[in-house]
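Have a look at the structure below before the remarks.
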Ligand SMILES: Nc1ncnc2c1ncn2[C@@H]1O[C@H](COP(=O)(O)OP(=O)(O)O)[C@@H](O)[C@H]1O
Ligand SMILES: Nc1ncnc2c1ncn2[C@@H]1O[C@H](COP(=O)(O)OP(=O)(O)O)[C@@H](O)[C@H]1O
Ligand SMILES: [Mg+2]
Ligand SMILES: [Mg+2]
Ligand SMILES: [Mg+2]
Ligand SMILES: [Mg+2]
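Chains as they are written, first to last, in the working numbering: chain Z, 3 to 337; chain X, 3 to 337; chain L, 100 to 310; chain C, 100 to 310.
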């Protein structure tokens, strides 16, 4: 394991220190160097008259979530240890900091740890008189029998939820309306991912799972956890189909539908390969009569240096399209 | 070697197909699927009244250069095979397409292949009555005795040259002035890189160089070529010093200077690690009394999936700072 | 022989040491069917617990519940992940029923039952879902069945049952927690949370001073 | 015995075959001290040359120069990298001095010298800098020294010298091209462009039909 870091125990802190220095005008990182619970807010604090948006989760998925703090997206982000949910004592002050009196929407990815820690944190924030609504993102179609599991995981579709709910908050929607928009995105977004090679958690020092040279892991999450099944290594065209097929089937998109297509890199895959997958997926959707009206290609919800990608499809209507297009000014998304 | 592609011979074409589909409103990719010489232009073609900007080089450095085509940056980009300079028959039509009558600036990274192919292409374009100026980017301080080599290489600093010259062209500067601004950036920008693990060129199928588990390669270029020397793996703080030291020394920046600090990922390094390096570099510069006024952190000039990073410092004055801040709307840089 | 706050403090010191020893093993279990952090999470949490207890001098009249509450809030704010709130809630509920200086056997049984209830209240898992409940439930049951014994015997019965329960998770297919995403592939591996529960309860026994 | 356009065409067919065979070896040489693409670049280029020649029927009065010019423009537009313009210019200059149907020994010498001049005009390298010039220069010199011989003997002398020249690059420290970035570390490896030059000239000999 070779990584650009000094000490695994300090890696999240050191990374956030750099993040704070690089984006000083945009964000503020609280609690660095053991000063207290760690969370990230906009540089200016909560925006008067606006519903606040908070998300969080384990670190190792950068730029998610801290990279999405700023105008038109999140007001605060809460990074845990690598692949470990943050704790309530971090989340609660982040929620409080995001509150400008119109309440706060907590965007939680569906993992037992995230759900439990946010649950407690929300209770504590409510006890401090902050009005909080929670949405749980669960876009990962790799989890098939969700009644027999902890439910579908929240993965790359989280970016769409945060961006679009952020735009709804920015245009002045109240808490119920922002939560409703977020739920609408959640209802219309699905993702499936593949790993070509696993990642290595710094303090573990060896790959999260073992994968032979000629195998790939289909249906992975974003925490270096193994996927649903393994198949032999295949050309991009085939892998794209393996990922896109269940996404399209589950979402039920077809001729006449308009979608956003998002090809997300897991951290160790070059952009050029993501575009290969994007091209294949775009063509497959076009063949089915689906219009790809918006696109996103890049490393947005990563698993450290994992080699792999996920395909996300969001069914669009006029409202979602407009909210997606609305201005955003964060470290990682900017238009 | 596991890569998301179908056929190494088609990988560049397939990737550009996806790029074209993902950014249809922004760029146009010419010559796909064997239709002719391959090059990328803005969707709308040359901008009336503006000096054109063209750059190019081997593929495998994505988002460089095609990701920088758009308002405020390049008018055309010319991608060669992976790590191989494009040919004159690609470059010349790109130069012609970028010309709106006020001439074209060709931005060439200093590699024998790029220089020679651009030289020929420029001659051919001039024969077609296009006025062309050429600047050669050579920011890599890893090349020490540049009189005994092909000269310093052009690496990550190319982003600064393209962005700032692009802004000068956008504000209406004539060809000589745009070239002068580009030269000013070149005179004030320096870079040094490190590899933790080599990359694999698709049609080669094995890593470009062999690196032991406890070694890193200092002073690498961006073509998977080996670096200047090897040192034992070290903590990020130490690696940052190894990279920053020669950059600062060569540039001669010190107390009172204002700079842009750019930590560039080589493709396979997670953003979180780039921020660790950024944080260390920022602190080292601050210690020396250097003001870091602007920053950029991310994968902008990559070497496929190479694990590693480079540090670039650009000395700023008011003009360069304003031109850096000027609006840009490309696939990879946007503000 | 009853158990007092000093026992609770010794328990935590020994638990921290045992979990530090088991850190890599627990993380390896979690690497097989989860995200390779369980040992790291608990080690971070219990080191913080020990630091917190050391920084908090024991008043003469310290109750067992007071110690366990400190443990609960510290775990809650340092472990994260799924196990943080689960262990945190377990200790919080246990603290509520142990707000006294001395625990007799029925009180020890109550402690274990409250802990179990805390975990199921939060995590909604039942026995057989391949979670820490598969260690806590048999532990609480065995403790209740040993109600004729000393506090040490009650705890020892619980620890043995937790150990057996953890082992029994090996063939199970997970339906709760992160391992559930693996489906059938989760079978054949021990649940890390069940194993850490067994370790925790073993140290509760070891911390009882021989009469 | 003189050389004609048919020889030039045979030369290119055999060169393409030999370079395809050597593709991996050349790329491996380039991997050691460059960017691992030299074999791939030349294979792409010479396959295109053969395709181009096949698609271009030979007129009865075809000159050697006409063939070499087609080779030059094809290499220029398909090889890329440093070697594309260098080999392209070499063939372009060689075409200029061979614009006739038959080459006698002095014309073969002129062809080689023009090629060398093209390469140095573009690349500004001199002997000893660990580039293809280290094969072309001795080749041109040996050809000139063999001016009493047949065309085949002139070419054979050139090919032998190019081969020796390529081998002689092994201990050199590169000061031109990509290998120069390696400094001292470039010593101990053969220059890929010098080796491909030796292969190219060997096939020029092989393409001469025995009288
Ligand atoms: N719903 C649940 N109920 C009870 N225990 C659970 C539940 N979900 C997870 N666990 C326990 O938590 C353990 C994993 O803890 P840990 O690895 O620290 O957290 P995470 O899964 O968030 O990485 C599992 O081995 C299991 O015993
Ligand atoms: N300035 C130069 N003059 C002559 N030959 C050169 C020069 N620079 C490079 N070469 C030759 O080109 C070869 C490399 O070609 P190739 O690998 O195809 O291009 P690139 O270096 O652009 O990847 C070197 O081995 C060397 O022989
Ligand atoms: Mg975890
Ligand atoms: Mg090359
Ligand atoms: Mg875990
Ligand atoms: Mg090369």
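Glycine included, each C-beta is placed from N, C-alpha and C at the ideal position.
Note that this is a predicted model, so its numbers are computed, not measured.
Boundaries of the beta strand (DSSP E) harbouring residue 198/Z: 191 to 199, taken from the DSSP string.
In chain order, 31, 34, 40, 42, 68, 81 place their CB closer than 8 angstroms to the CB of residue 18/Z, counting only its own chain and leaving out the 5 sequence neighbours on each side. Taken in chain order, the whole alpha helix (DSSP H) runs of length 4 or more contained in the stretch 192 to 278 of chain L are 204 to 222, 232 to 244, 250 to 266. Taking a Cβ-Cβ cut-off of 9 angstroms, the neighbours of residue 225/Z in chain L comprise 133, 134, 135, 136, 277, given in sequence order. Neighbours of residue 88/Z across chain L, judged by C-beta separation under 8 angstroms: 179.
For residue 73/X, the secondary structure class from DSSP, reduced to helix, strand or coil, is strand. A distance of 8 angstroms or more separates the beta carbons of residue 144/X and residue 75/X.
Assignment of residue 296/Z by DSSP, reduced to helix, strand and coil, places it in the strand class. Under the three-state reduction of DSSP, residue 87/Z is assigned to coil, being neither helix nor strand. Under the 8 angstroms Cβ criterion, the stretch 316 to 323 of chain Z does not count as touching the stretch 236 to 243 of chain Z, having fewer than three qualifying pairs. Proximity of the beta carbon of residue 134/C to ligand 6 is indicated: a heavy atom of the ligand is located closer than 7 angstroms.
A Cβ of chain L is located within less than 8 angstroms of the beta carbon of residue 113/Z. For ligand 3, no non-hydrogen atom lies closer than 7 angstroms to the CB of residue 177/L. In the DSSP assignment, the residues bridged to residue 218/X are 233/X.
No residue range can be given for residue 211/X, since it is assigned to no beta strand (DSSP E) and is classified by DSSP as neither H nor E. In this chain, residue 112/L is not harboured by any beta strand (DSSP E); it is covered by the alpha helix (DSSP H) spanning 104 to 132. Under the Cβ criterion of 8 angstroms, residue 280/C is counted among the residues facing chain X. Excluding its 5 nearest sequence neighbours in each direction, residue 245/L has C-beta neighbours in its own chain below 7 angstroms: 252, 253, 256, listed in chain order. Taking 8 angstroms as the CB threshold, residue 195/L stays off the interface with chain Z.
A Cβ of chain Z is located within less than 8 angstroms of the beta carbon of residue 309/X. DSSP places residue 148/C in the helix class (H, G or I) of the three-state scheme. Around the C-beta of residue 155/X, 16 or more other C-beta atoms lie within 10 Å, and the residue is accordingly described as buried. With respect to the 8 angstroms criterion, residue 136/X and residue 6/Z are not classified as neighbours on the basis of their beta carbons.
Annotation for residue 157/X: 141, 142, 193, 195, 223, 224, 303, 312 place their beta carbon closer than 7 angstroms to its own, counting only its chain and skipping 5 residues before and after.
Residue 30/X sits in a strand when the DSSP states are folded into three classes. Relative to the non-hydrogen atoms of ligand 4, the Cβ of residue 293/X never comes closer than 7 angstroms to any of them.
Contact check for residue 164/Z against residue 57/Z passes: the beta carbons are separated by less than 8 angstroms. Residue burial annotation: residue 332/Z is buried, with at least 16 other C-beta atoms found within 10 angstroms of its C-beta. Judged by beta-carbon spacing, residue 336/Z lies beyond the 8 angstroms limit of residue 205/X, meaning their Cβ atoms are not closer than that value.
Of the residues 113/C, 129/C, 217/C, the one whose Cα lies closest to the Cα of residue 203/X is 129/C. At least one CB atom of chain C sits nearer than 8 angstroms to the CB of residue 205/X.
Judged by pairs of C-beta atoms under 8 angstroms, the stretch 170 to 188 of chain X does not touch the stretch 117 to 132 of chain X, as fewer than three such pairs exist. Residue 79/X sits in a strand when the DSSP states are folded into three classes. Taking C-alpha positions only, residue 213/Z is separated from residue 3/Z by approximately 16 angstroms.
A direct Cα-Cα distance of roughly 52 angstroms separates residue 269/Z from residue 165/C. At a cut-off of 8 angstroms between beta carbons, residue 176/C contacts chain X.
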